[in-house]
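A quick write-up on the structure given underneath.
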Amino acid sequence: MPVAEPTVRRLATEDDRERSLCGWGRIAPSSARVRRVSQAEDVVEALSGAGPGRAGLIARGAGRSYGDAAQSAGGRVLDMTGFDGIVSLDRERLTVSVRAGVTIARLLTHLGSIGLTLPVVPGTRYVTVGGAIASDVHGKSHHRDGSFGAHVRSIGLCVPGGEVLEISPHVDRELFEATLGGMGLTGVILGATLDVEPLACAWVAADVDRTDDLEQTLALLSEHDRHRWSVAWLDLLAGGSHMGRALVSRADPWPGEPTGVHGHGIRARRHGGGFDLSEKPRVEVPPRIPSGALRPSLVRAFNAARWRRSPRRERGRRVALGGYLFPLDALGSWSRLYGPQGLVQYQLVVPGGQEAQLVRCVELLRARRLPVYLAVLKRFGAFPGGPLSFPIEGFTLALDLPGGAHGLRPALDELDEIVAGAGGRVYLSKDVRLRKDVLPTMYPQLDRFLAVRARVDPDGVLRSDLARRLGLCEGGG
0 MPVAEPTVRR LATEDDRERS LCGWGRIAPS SARVRRVSQA EDVVEALSGA
50 GPGRAGLIAR GAGRSYGDAA QSAGGRVLDM TGFDGIVSLD RERLTVSVRA
100 GVTIARLLTH LGSIGLTLPV VPGTRYVTVG GAIASDVHGK SHHRDGSFGA
150 HVRSIGLCVP GGEVLEISPH VDRELFEATL GGMGLTGVIL GATLDVEPLA
200 CAWVAADVDR TDDLEQTLAL LSEHDRHRWS VAWLDLLAGG SHMGRALVSR
250 ADPWPGEPTG VHGHGIRARR HGGGFDLSEK PRVEVPPRIP SGALRPSLVR
300 AFNAARWRRS PRRERGRRVA LGGYLFPLDA LGSWSRLYGP QGLVQYQLVV
350 PGGQEAQLVR CVELLRARRL PVYLAVLKRF GAFPGGPLSF PIEGFTLALD
400 LPGGAHGLRP ALDELDEIVA GAGGRVYLSK DVRLRKDVLP TMYPQLDRFL
450 AVRARVDPDG VLRSDLARRL GLCEGGG
């Protein structure tokens with residue numbers, strides 16, 4: 000059972016401390032009473048006593064959602080980081096059962112020590128499993144493996160009123176699918192049983208290509224991809240026809256050095272840096288960074304140097320697995336580099352065949368003179384998700400922009416119209432400003448999600464700042 004309680008000494012509960020919370024982008028903070036929970040009974044008690052009303056309650060993991068999905072102004076927030084631990088491992092079925100507050104980092108370190116890993120991981124290892132399910136996170140292998148939710152066997156869920164359910168594709172499938180990408184609005188995730196697989200190697204063999212413009216980049220990513228992982232870093236500060244030039248990386252496990260279910264495994268930190276799934280970043284950005292630490296001229300020069308240093312075409316580059324999958328994790332609290340006004344990450348996806356609309360989005364950013372400090376382009380495969388899951392088959396572009404950039408909000412509203420008109424959507428886990436009138440167009444199965452919410456939370460107990468802003472909790476309380 001994924002919600003089984005390990006034999007541990009009960010931790011003291013920090014109840015109802017008023018705290019100001021924000022997402023990883025450090026934008027749109029709000030205050031709520033925060034309660035740190037460590038046992039299933041704590042969650043049951045919180046949801047049993049939560050009656051109808053507009054204050055609401057939401058669960059929060061590691062706080063790595065960029066926007067306002069894990070905060071609830073004037074309400075209550077359950078801090079799930081103390082609700083961690085690995086419950087059991089089934090080597091024959093290749094599954095692991097965990098509590099919701101365990102981080103991907105801790106889980107990967109444990110699995111790696113016995114020659115196993117997760118089939119899908121997001122771009123950072125510092126999210127909790129509960130958060131990964133609530134956001135239905137994806138990685139560099141979606142075109143082959145789908146999203147995180149495609150490898151969830153069952154979920155332990157506490158719904159308003161305090162009832163604890165175990166749901167799966169075979170038990171209340173509608174609730175199970177609504178919970179994948181449901182932003183914590185179908186219940187508090189207590190635990191899950193996940194697929195695992197043999198860990199092939201501590202390294203990857205990466206094929207790297209340097210492109211000259213966005214057209215070349217899209218053409219390269221459009222090719223049939225036999226590789227396990229693929230991603231493109233884009234330079235959207237390059238001038239003229241070079242805007243959208245990129246380094247396209249496609250990789251597979253390094254041949255040789257195999258580990259397996261019955262092998263000795265790989266230590267969490269191997270000498271020489273080949274396999275590093277340790278939980279702490281190598282360098283931490285200090286709390287107080289002056290405004291302007293990142294500025295267009297500096298990032299433009301960095302991008303140009305990075306692009307020029309890369310060979311035009313390289314095959315079989317040996318890269319550490321951890322560094323390839325989680326490149327930004329080496330720099331702790333990196334969002335602080337954006338200064339006190341924070342950052343907005345705008346992530347969009349457009350269906351296959353709508354690449355011209357993605358190009359329009361990039362051209363609009365240039366026309367509005369918005370500085371994109373980091374841009375990452377990936378392909379999504381044809382893997383169905385829940386009604387609020389983000390991935391659809393096509394191309395996804397993630398853009399990091401300074402929160403104080405002039406004209407940012409109106410420009411992003413324009414991007415919304417292009418994306419929605421193309422049959423695409425924005426990622427709710429990254430969002431902090433989407434208008435609710437655009438949501439039904441982007442998420443055509445929204446009514447299906449709301450019907451599940453009406454069934455499990457008729458009083459609208461589960462509420463977040465994101466849910467209020469987008470009308471996801473209307474009709475209750």
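For the sequence shown, counting from 1, position 6 maps to 5 in numbering that gives the first Met the number 0; every step adds exactly one.
Note that beta-carbon positions come from the ideal geometry of N, C-alpha and C, so glycine has one too.
Other residues of its chain near residue i: CB distance less than 8 Å, five sequence neighbours each side excluded
i      : result
Asp171 : Leu164
Leu369 : Leu400, Ala404, Gly406, Leu407, Ala410
Arg365 : Leu235, Met242
Arg316 : Ala204, Ala205, Asp206, Val207
Tyr442 : Pro386, Leu387, Arg424, Phe448
Close Cβ partners of residue i (< 7 Å) along its chain, the five nearest in sequence each way excluded
i      : result
Glu392 : Pro350, Gly351, Phe379, Gly380, Ala381
Arg452 : Leu184, Thr185
Glu173 : Val451
Ala292 : Leu336, Gly338
Leu330 : Pro280, Val282, Val284
Cut-off 6 Å between Cβ atoms - residues of its own chain near residue i, not counting five sequence neighbours on either side
i      : result
His270 : The pLDDT assigned to His270 is 35, lower than 50, so where the model puts this residue is not dependable, and the model offers no usable value.
Arg335 : Val284, Ile288
Gly55  : Ser71, Gly74, Arg462
Ala27  : Asp67, Val431
Ser96  : Pro1, Val86, Ser87, Thr192
Asn302 : Asp234, Leu236
Asp456 : Pro159
Val187 : Val42, Ala58, Cys157
Val437 : Asp415, Ala419
Ser483 : Residue 483 cannot be examined here, being either before or after the span of the chain that is shown, 0 to 476.
Pro118 : Asp144, His150, Asp194, Glu196
Beta-carbon gap between residue i and residue j smaller than 8 Å
i      : j      : result
Ala245 : Thr216 : yes
Gly22  : Asp78  : no
Gly385 : Gly181 : yes
Tyr345 : Leu414 : yes
Val203 : Thr116 : no
Ala199 : Pro252 : yes
Gly99  : Gly129 : The residue asked about is misnamed: residue 99 is Ala in this sequence, not Gly. In contact: Ala99 and Gly129 (Cβ atoms closer than 8 Å).
Arg367 : Ile417 : no
Val126 : Gly60  : yes
Gln356 : Ala250 : no
Pro439 : Leu445 : yes
Leu469 : Lys435 : yes
Arg227 : Ser140 : yes
Which residues DSSP lists as bridging residue i, in chain order
i      : result
Thr102 : Thr127
Val318 : Val203
Thr108 : Paired residues: none, contrary to the question.
Arg34  : Leu77
Glu283 : Gly331
Asp251 : Ala204
Ser19  : Ser30
Ala115 : The identity of residue 115 in the sequence shown is Leu, whereas the question assumes Ala. The partner list for Leu115 (beta bridge, DSSP) reads Pro197.
Glu473 : The partner list for Glu473 (beta bridge, DSSP) is empty, contrary to what the question assumes.
Glu176 : Bridge partners of Glu176: none, in fact.
Glu40  : Beta-bridge pairing links Glu40 to no other residue.
Examine the Cβ distances between the region 393–401 and the region 362–376 and report whether three or more of them are shorter than 8 Å.
-> yes
Within the region 179–244, note down every full beta strand (DSSP E) run reaching 3 residues or more, in order along the chain.
-> 187–194, 202–210, 228–234
Could you name each continuous beta strand (DSSP E) segment of 3 residues or more that falls completely within the region 322–388, going from the start of the chain to the end?
-> 342–350, 373–379
Start-end ranges of the alpha helix (DSSP H) lying completely within the region 48–96, minimum 4 residues = none
Every unbroken alpha helix (DSSP H) within the region 149–173, with a cutoff of 4 residues, ordered by chain = List check, alpha helix (DSSP H) in window: nothing returned.
Every unbroken beta strand (DSSP E) inside the region 391–470 [3 residues or more] | 393–401
Examine the Cβ distances between the region 27–38 and the region 106–121 and report whether three or more of them are shorter than 8 Å.
-> no
Can you find at least 3 beta carbon pairs, one from the region 146–164 and one from the region 225–234, that sit closer than 8 Å?
-> Cβ pair count under 8 Å is below three, so no.
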